[in-house]
Structures are given as structure tokens and as C-alpha cells.
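Peer 1:
Residue numbers (our numbering): 363 to 522.
#1: Residues in the same chain with beta-carbon distance under 6 Å from residue 458, minus the five sequence neighbours each way, listed in chain order, please.
#2: Does residue 454 come out as helix, strand or coil in the three-state DSSP assignment?
#3: According to DSSP, simplified to helix, strand and coil, what is residue 378?
#4: When DSSP labels each residue in this structure, what does residue 436 get in the three-state scheme?
#5: If you follow the alpha helix (DSSP H) that residue 428 is in, where does it begin and where does it stop?
#6: What residue range does the alpha helix (DSSP H) around residue 406 cover?
#7: Residue 474 lies in the beta strand (DSSP E); which residues open and close that run?
#8: Any contact between the stretch 395-403 and the stretch 420-435? By contact I mean 3 or more CB pairs, one from each, below 8 Å.
#9: In the structure shown, what three-state DSSP assignment does residue 416 receive?
#10: Closest to residue 370 by CA distance: which of 469, 415 and 478 is it?
#11: Please state if the CB of residue 425 and the CB of residue 364 are separated by a distance shorter than 9 Å.
#12: Let me know if residue 405 comes out buried or exposed under the rule of 16 or more other beta-carbons within 10 Å of its beta-carbon.
#13: Report the rounded CA-to-CA distance for residue 490 versus residue 522, giving the unit in angstroms.
#14: Take residue 386 and list the residues in its own chain whose beta-carbon comes closer than 7 Å to its own, dropping the five residues that flank it on each side.
#15: Quick check on the DSSP output: the beta strand (DSSP E) that includes residue 389 runs from which residue to which?
#16: Helix, strand or coil: which one does DSSP assign to residue 502?
#17: If you reduce the DSSP assignment to three classes, tell me which class residue 371 lands in.
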């Protein structure tokens, strides 16, 4: 069941088109999701409330290394994708290999594009595509005290 939620773009596009024809609202978000924590859970749950179908694009291992350095990710992309797919409110997961999800957003054209509260609306990748098609771009506030980077720092300090 969980594995069936993890899709390649060629599988995802026809599914999205089908859902759109059925009148369903498509919500898209993306991230590294290296250590899945309560902040991620609440964020994704809130994202799901913005529509009917929640698609989560997860950075590949190679894109995370380029963005965050050779010490990341801690968990491989397949494990991160499976963890996300196991969440009841996540409908589909796709792994992307670029530094940002622009290509996927341009192919899916979601009704709602969601990012965390640490982003400014005008700097969200794919905003132009969603705006042109009459969709909406929103941010969801971060959950205080939950950050993968801070969690890693805490673990390193405690177990020196």
C-alpha cells in the first residue's frame, strides 16, 4: 500500500489529470524531510487541509548533498519517501533530482502550492506557474522547537 503512493513523474501526471477532471483540488509541497518529526507531521497535515490530494516531492540524496553538504542526508531517499508515504494524509510522493521542484510543479500545475513559514511567498519556487493558472501559494507557520538541523545539533551536543 505505502509503496503504491511513491510515483515517478510519468505515473503521477495522468493520476493528477484524472483527479483534476473529478474536480479535486491538488496541493503540492516539497522538502528534504531528512528526519521526519512532529513539525513535518503538523505541516503536512495542514497542507492536506488546503485541498483534496496532497503530493509531496522529496529531494533526492544527490540534491540534498548539493544543498546541505556531504554530511546529509542522514536517511536515503527511498527511506524518506516511504516514511512520507506512510502518512495517511499524504496521497503521493515523488523524488526529485534537481535542486528545486520547478520542473515537477510545471508538469503537475497544482491548485495550491505550500511551503513552510520560513519562506517569503515571492521567493517560493513555482509560484509563477501556480499564479498564472489561477492557483494559490501559501505558507504554513513552522512548529516552534522542531527543526531537523536543530535536532541534529542537539543530538551531537548531547552525545559528544
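C-beta atoms are modelled at their ideal positions from N, C-alpha and C, and glycine is treated no differently.
Peer 2: Looking at the atomic coordinates:
#1: As a position in the chain shown, residue 458 is number 96, starting the count at 1. The residues are 419 and 466.
#2: Within the chain shown, numbered from 1, the residue matching residue 454 stands at position 92. Strand.
#3: The sequence position of residue 378 within the chain shown is 16, counting from 1. Of the three classes helix, strand and coil, the one that applies to residue 378 here is helix, per DSSP.
#4: Position 74 of the chain shown, counting from 1, holds the residue named residue 436. Coil.
#5: Walking along the chain shown from the start, residue 428 turns up at place 66. From DSSP, the alpha helix (DSSP H) with residue 428 extends over 423-430.
#6: Position 44 of the chain shown, counted from the start, is the residue given in the question as residue 406. Counting along the chain, the alpha helix (DSSP H) containing residue 406 begins and ends at 400-410.
#7: For the purposes of this step, residue 474 is taken as residue 112 along the chain shown, with counting starting at 1. Segment 474-478, the beta strand (DSSP E) holding residue 474.
#8: yes
#9: In the chain shown, the residue the question calls residue 416 occupies position 54. Strand, per DSSP.
#10: As a working mapping, residue 370 is identified with position 8 in the chain shown. Among 469, 415 and 478, the Cα nearest to that of residue 370 is on 469.
#11: Numbered from 1 along the chain shown, position 2 holds the residue referred to as residue 364. Numbered from 1 along the chain shown, position 63 holds the residue referred to as residue 425. For residue 364 and residue 425, no; Cβs fall outside 9 Å.
#12: Numbered from its first residue, the chain shown carries residue 405 at position 43. Classification of residue 405: buried, given that the 10 Å Cβ count is 16 or more.
#13: Mapped onto the chain shown, residue 490 falls at position 128. Mapped onto the chain shown, residue 522 falls at position 160. So the two alpha carbons sit approximately 45 Å from each other.
#14: Residue 386 sits at position 24 when you count from the first residue of the chain shown. If we look at residue 386 and ignore the five residues flanking it on each side, its Cβ neighbours are 414 and 415.
#15: Start at 1 with the first residue of the chain shown, and residue 389 comes out as number 27. 388-393 is the span of the beta strand (DSSP E), which, as asked, contains residue 389.
#16: Within the chain shown, residue 502 is the residue found at index 140, counting from 1. Correct three-state label for residue 502: strand.
#17: As a working mapping, residue 371 is identified with position 9 in the chain shown. Correct three-state label for residue 371: helix.
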